[in-house]
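Protein sequence lines correspond, in order, to chains Y and F. Positions 5 to 156 (the numbering used here) are the ones given, in order, by the first sequence. Positions 5 to 156 (the numbering used here) are the ones given, in order, by the second sequence. Here is the structure we will look at.
Protein chains: 2
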Amino acid sequence: MEDPREICGPIAHIYRSQLAYMAKELEAYRVGSGQFEFLFVLYHRDGVSQESLAKILAVSKATSTRAIQSLEKEGYLYRQRDENDHRAYRVYLTEKGKEMRGVILEKLNSFVDTLLSDFTPEEKTIFRLLIHKASIKLFDPGFEPPSDCRMT
Amino acid sequence: MEDPREICGPIAHIYRSQLAYMAKELEAYRVGSGQFEFLFVLYHRDGVSQESLAKILAVSKATSTRAIQSLEKEGYLYRQRDENDHRAYRVYLTEKGKEMRGVILEKLNSFVDTLLSDFTPEEKTIFRLLIHKASIKLFDPGFEPPSDCRMT
DNA sequence: ATATAATAGTTACGCATGAAACTAATAATC
DNA sequence: GATTATTAGTTTCATGCGTAACTATTATAT
């Protein structure tokens, strides 16, 4: 490895830029830059627990709790106690939450479009592949992604 | 673009993991995970201004101020008013600061090694290239990196 | 030269985040 | 069945960060 900063620097820069961009774009909807990702998981599979959301998004359960609380307060989702496990909640989208999908996707797409605007289609594919391959290494050795982890 | 989350998700995950890892590894030295990068710039070019540090690292000048203050308090660097411009400081490494280079490099290397442990040498090169190409797009259109921006 | 702009740095405020300590409910063990 | 351990969720505390408002210099304009 020549200079690890060549990897970490750009990643930090991209992350912070994405956060700032999404915060600005979603400000009018009162959806924070750290919250919209939770909605995306629910678009794929409604009714999961906060713990599952945390695992899928690779954040702490503290972060999951805060994001869900905020989105619930703004009316994008609601929670119901799990019938079979009274510790857990099941998190569901409201109509308002479902309607946000297009908006968020549009904003996020426009950010990524800018980011990859000089990439050839092949480079985009490779980049997507490699960034995923790298992030996989960060999970705990015995990590098993929940069954609803795929965004397909 | 199929799913922009395939780009943003992993980047966020890597960034947060790097922050947590470096915080833990550098805790004993009382160097924060958001501070060691400033030392690296100084290793390459000692005596630059806080504003230059901010530009080079693509952070706000508020962040630059805070990092420099913390590193000064811990004795890793010191500041002198610029003779020709009494608004600006020139930031210099102390002996203690210079001695940290090896330590930080080692930690950061071990993080990146884990991250890229499944990459072939070619993939590492490509990844480095593409991540840089992407981050370049985030600077303001007229952005001109300071002359001391290269880490070579 | 004087009024106005821009620049370097600082500070206050708010957001996103993880670790750790905590509560309540369930599972495991004996 | 009672004790113990695990799990879901919450809260507290600390860190990193950007924006915007502020001060103090320097540069520009008139």
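For glycine and all other residues, C-beta sits at the position ideal for the given N, C-alpha and C.
*Neighbour flag for F/Tyr96 against chain Y, beta carbons, 8 Å*: Answer no: the Cβ-Cβ gap between F/Tyr96 and chain Y never drops below 8 Å.
*Using a Cβ-Cβ distance under 8 Å, would Y/Ala138 count as near chain F?*
For Y/Ala138, the answer is yes, since a Cβ of chain F falls inside 8 Å of its Cβ.
*asked:* Please report the distance separating the alpha-carbon of F/Lys102 from that of F/Arg83.
replied: In this structure, the CA atom of F/Lys102 is about 15 Å from the CA atom of F/Arg83.
_Just checking: is the beta-carbon of Y/Ile15 within a distance shorter than 8 Å of some beta-carbon in chain F?_
It does; some Cβ of chain F falls within 8 Å.
_Any beta carbon of chain Y sitting closer than 8 Å to that of F/Ala62?_
At least one C-beta of chain Y is nearer than 8 Å to the C-beta of F/Ala62.
*Is the Cβ of Y/Asp122 closer than 8 Å to any Cβ of chain F?*
Answer yes: the Cβ-Cβ gap between Y/Asp122 and chain F drops below 8 Å somewhere.
*Own chain partners of Y/Ser37 with C-beta closer than 6 Å, once the 5 adjacent residues on each side are dropped*: Around Y/Ser37: Leu23, Met26 and Ala27.
*At 8 Å on the CB atoms, spell out the chain F contacts of Y/Gln22, in chain order.*
Contacts between Y/Gln22 and chain F, judged by CB atoms closer than 8 Å, involve Cys12, Ile15 and Ala16 in chain order.
*Provide the residue(s) that pair with Y/Val52 in DSSP beta bridges, ordered along the chain.*
Its beta-bridge partners are Y/Val95.
*Beta carbon proximity, Y/Thr69 to chain F, threshold 8 Å*: It does not: the Cβ of Y/Thr69 has no partner Cβ on chain F nearer than 8 Å.
*Take Y/Phe44 as the anchor and find which of Y/Leu75, Y/Cys12, Y/Tyr93 and Y/Asp89 has the nearest alpha-carbon.*
If you compare the alpha carbons of Y/Leu75, Y/Cys12, Y/Tyr93 and Y/Asp89 with that of Y/Phe44, the shortest gap goes to Y/Leu75.
_Residues of its chain near F/Leu57, where Cβ-Cβ distance is below 6 Å and the 5 sequence neighbours each way are ignored_ = For F/Leu57, where only same-chain residues beyond five positions count, the Cβ hits under 6 Å are Phe42, Val45 and Ser68.
*Closer than 8 Å at the beta carbon, the chain Y residues around F/Tyr82*: Ordered by position in chain Y, no residue passes the 8 Å Cβ test against F/Tyr82, which lies about 23 Å from the chain.
*Identify the continuous beta strand (DSSP E) that holds Y/Gln84 and give its terminal residues.*
Element bounds for Y/Gln84: Leu81 to Arg85.
_Three-state secondary structure assigned by DSSP to F/Asn113_ = F/Asn113 carries a helical assignment under DSSP once its states are collapsed to helix, strand and coil.
*Taking 8 Å as the CB-CB limit, is F/Ile72 close to chain Y?*
No, because no Cβ of chain Y sits closer than 8 Å to the Cβ of F/Ile72.
*So, does the CB of F/Lys59 fall closer than 8 Å to a CB anywhere in chain Y?*
No, F/Lys59 does not count as interfacial toward chain Y.
*If we ignore side chains and look at the alpha-carbon of each, how far apart do F/Glu99 and F/Ile15 end up?*
The alpha-carbon atoms of F/Glu99 and F/Ile15 are separated by roughly 35 Å.
*Between the CA atoms of Y/Gln54 and F/Arg132 - distance to the nearest angstrom*: One alpha carbon belongs to F/Arg132, the other to Y/Gln54, and they sit about 35 Å apart.
*asked:* Between F/Ala116 and chain Y, is the shortest Cβ-Cβ distance under 8 Å, so that the two count as touching?
replied: Reading off the sequence, residue 116 of chain F comes out as Val, not Ala. Chain Y contact via Cβ: present.
*Shorter than 8 Å from the beta carbon of Y/Arg105 to some beta carbon of chain F?*
Taking 8 Å as the threshold, the shortest C-beta distance from Y/Arg105 to chain F does not fall below it.
_Just to confirm my understanding: we take F/Lys65, look at its own chain, exclude 5 residues before and 5 after, and list those with CB closer than 8 Å. What are they?_
Cβ neighbours of F/Lys65 beyond the five flanking positions: Gln54, Glu55 and Ala58.
*For F/Ala138, which option in Y/Gly106, Y/Val52 and Y/Glu127 has the closest C-alpha, if you only look at C-alpha atoms?*
With respect to the C-alpha of F/Ala138, the residue from Y/Gly106, Y/Val52 and Y/Glu127 having the closest C-alpha is Y/Glu127.
*Please confirm whether Y/Glu78 and Y/Val116 have their CB atoms less than 8 Å apart.*
The answer is no: Cβ separation not under 8 Å.
*alpha helix (DSSP H) containing F/Tyr25: first to last residue?*
Start and end: Arg9 to Leu30.
*When you compare only the Cα positions, how much space is there between Y/His90 and Y/Ile135?*
Roughly 38 Å between the two C-alpha positions.
*What does F/Tyr19 touch in chain Y if you count any residue whose Cβ is under 7 Å from its own?*
The answer, in chain order, is Ile15, Ala16 and Tyr19.
_Tell me the rounded alpha-carbon separation between F/Phe123 and Y/Ala62._
Distance between the alpha carbons of F/Phe123 and Y/Ala62: 22 Å.
*Rounded to a whole number of angstroms, what is the C-alpha to C-alpha distance between Y/Pro150 and Y/Ile108?*
A caution first: Y/Pro150 carries a pLDDT of 45, below 50, which makes its placement in the model unreliable, though a value can still be read off. Y/Pro150 and Y/Ile108 have their C-alpha atoms spaced approximately 24 Å apart.
*Does the distance from the CB of Y/Tyr96 to the CB of Y/Leu81 come in under 8 Å?*
Between Y/Tyr96 and Y/Leu81, the C-beta gap is smaller than 8 Å, which places the two residues in contact.
*Cα-Cα, which of Y/Leu120, Y/Ile130, Y/Ile140 and Y/Phe143 is closest to F/Ile142?*
Before going further, note that residue 142 of chain F is Leu rather than Ile in the sequence given. Closest by alpha carbon: Y/Leu120.
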